[in-house]
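When we follow full-length UniProt numbering, the leftmost residue of the sequence shown carries the number 1, and every step to the right adds one. What follows is a short report on a single structure.
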Amino acid sequence: MSYPAPFDLTGQVGLVTGAGSGLGIEFAEVLADAGADVACADVDADAAADTAARVEKLGRRSVAITCDVADEQQVQGMVARTTSTLGRLDVLFANAGIADANPAPVHQFQTRDWHQVIDVDLHGVFYSAKHALEVMVAQGSGKIINIASMWGTTGSSSVFPIPAYSAAKGAVVNLTRELGLEYATAGIQVNALCPGFYRTRLAGGAYDDPDFVSAVTGFTPMGRVAEASEIRGPALFLASSASDYMTGQLLIVDGGCMAK
């Protein structure tokens with residue numbers, strides 16, 4: 001598929017963390033659809049390879065990289081592998097993330113679960129941005145899309161208590177604003193994509209639970225859960241020159257939830 005300007009990414013290189021599942025697959029495929037070569041990074045080596053194979057079937061170059069984004073040395077190696085294999089780095093989707101393993105109010109929340117979520121969902125975004133920016137500053141251009149959440153803009157407990165996830169995503173939102181300001185004159189745009197309820201495996205088997213689906217559908221003004229593929233349009237907008245005059249901003253795609 002070919003995309004018209006300003007959505008054409010021919011000649012560019014994207015890097016997607018958490019590329020092995022859920023929204024990460026969608027980000028990798030839409031980048032490839034728009035003409036970019038794509039590095040597919042995931043803690044699961046087989047899943048990263050599967051997504052890289054999808055990119056190659058779309059006629060683009062790809063590399064599968066095994067990376068735990070909670071480990072800065074691995075992230076540094078991930079970026080280096082991307083540039084050494086694909087030649088440059090134009091677009092980063094800092095997407096890798098996990099949900100609270102055992103959702104509970106704070107007084108019942110396990111401290112180890114808190115640290116695990118913060119390590120991946122916040123520190124992983126920081127490490128990914130830090131090392132991608134080293135490349136982007138040198139080349140004088142780049143796009144960073146941090147994957148936050150609608151729960152980064154409000155508390156989640158009107159539906160369920162996920163304190164670590166909400167805290168991490170809220171921090172990603174303000175980190176995005178800070179990075180947008182820091183690099184506004186460097187030819188680099190940094191924005192956050194804030195999804196609502198999308199049908200992925202991030203929530204484990206939650207979308208197989210009729211009670212969960214009923215609750216989140218009832219909370220969403222549009223009255224439905226989004227399919228993962230519906231993230232592609234907003235993602236391409238932020239990855240392309242269509243968003244060149246936009247930085248430090250949030251693009252909330254939640255079926256109307258945060259309008260309430």
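Even for Gly, the Cβ is constructed at its ideal location relative to N, Cα and C. As the structure is a computational prediction, the values presented were derived from the model and not from experiment.
Where the beta strand (DSSP E) containing residue i begins and where it ends
i, result
"Val253", "Leu250 to Val253"
"Gln189", "Ile188 to Pro195"
"Lys143", "Gly142 to Ile147"
"Thr17", "Val13 to Thr17"
One or two residues paired with residue i in a DSSP bridge
i, result
"Asp244", "DSSP lists no partner for Asp244."
"Glu227", "Arg199"
"Cys40", "Val16 and Ala64"
Three-way DSSP call (helix, strand, coil) for residue i in this model
i, result
"Phe93", "strand"
"Ala64", "strand"
"Met222", "coil"
"Phe160", "coil"
"Ala171", "helix"
"Val69", "coil"
"Gly154", "Strictly speaking, residue 154 in this sequence is Thr, with Gly absent from that position. DSSP places Thr154 in coil when its eight states are reduced to three."
"Tyr3", "coil"
"Tyr165", "helix"
"Pro103", "coil"
"Asp209", "coil"
"Gly256", "coil"
"Thr185", "coil"
Close-in-space but distant-in-sequence residues of the same chain around residue i (CB under 6 Å, 5 per side omitted)
i, result
"Asp37", "Val13, Arg60, Arg61 and Leu86"
"Ala64", "Cys40, Ala48, Ala49 and Ala52"
"Gln249", "Asn191"
"His115", "none"
"Ser156", "Ile162 and Ser166"
"Glu227", "Arg199"
"Val43", "Asp68"
"Leu31", "Gly14 and Val38"
"Gly24", "Val16, Gly18 and Asn95"
"Thr10", "Gly35"
"Ala235", "Phe27 and Val30"
"Pro105", "Pro161"
"Lys130", "none"
"Val125", "Ala94, Asn146 and Val172"
"Arg232", "Glu26 and Val30"
Spatial neighbours of residue i in its chain, beta-carbon cut-off 7 Å, leaving aside the 5 residues before and after
i, result
"Glu72", "Tyr127"
"Arg201", "Ser21 and Gly22"
"Pro4", "none"
"Ala215", "Val159"
Element boundaries [alpha helix (DSSP H), containing residue i]
i, result
"Leu9", "Leu9 -> no alpha helix (DSSP H), and no H or E assigned at all."
"Arg54", "Ala45 to Lys57"
"Ser235", "Note on residue identity: the sequence assigns Ala, not Ser, to residue 235. First-last of the alpha helix (DSSP H) with Ala235: Arg232 to Ala239."
"Tyr127", "Gly124 to Gln139"
"Met78", "Glu72 to Leu86"
"Trp114", "Thr111 to Ile118"
"Ile98", "Segment: none, Ile98 is in no alpha helix (DSSP H) and carries neither H nor E."
"Asp33", "Gly22 to Asp33"
Same chain only: Cβ atoms within 8 Å of residue i, ignoring 5 sequence neighbours per side
i, result
"Arg81", "Ala39, Val63 and Ile65"
"Ser243", "Lys143, Gln189, Asn191 and Phe237"
"Ala259", "Pro221"
"Pro103", "Phe160, Pro161 and Ile162"
"Asp8", "Ser2, Ala34, Gly35 and Ser240"
CB contact below 9 Å: residue i versus chain D
i, result
"Gln73", "Judged by its chain identifiers, the structure shown contains no chain D, having just a single protein chain."
Could you check whether the stretch 91-107 touches the stretch 155-165, counting it as contact only if at least three pairs of C-beta atoms, one from each stretch, sit closer than 8 Å? By the criterion of at least three beta-carbon pairs nearer than 8 Å, the stretch 91-107 is in contact with the stretch 155-165.
Taking 8 Å as the cut-off, does the stretch 174-189 touch the stretch 132-151 (at least 3 CB pairs, one atom from each stretch)? yes
When you compare the stretch 209-220 with the stretch 166-174, are there three or more beta-carbon pairs, one atom per stretch, that lie closer than 8 Å? no
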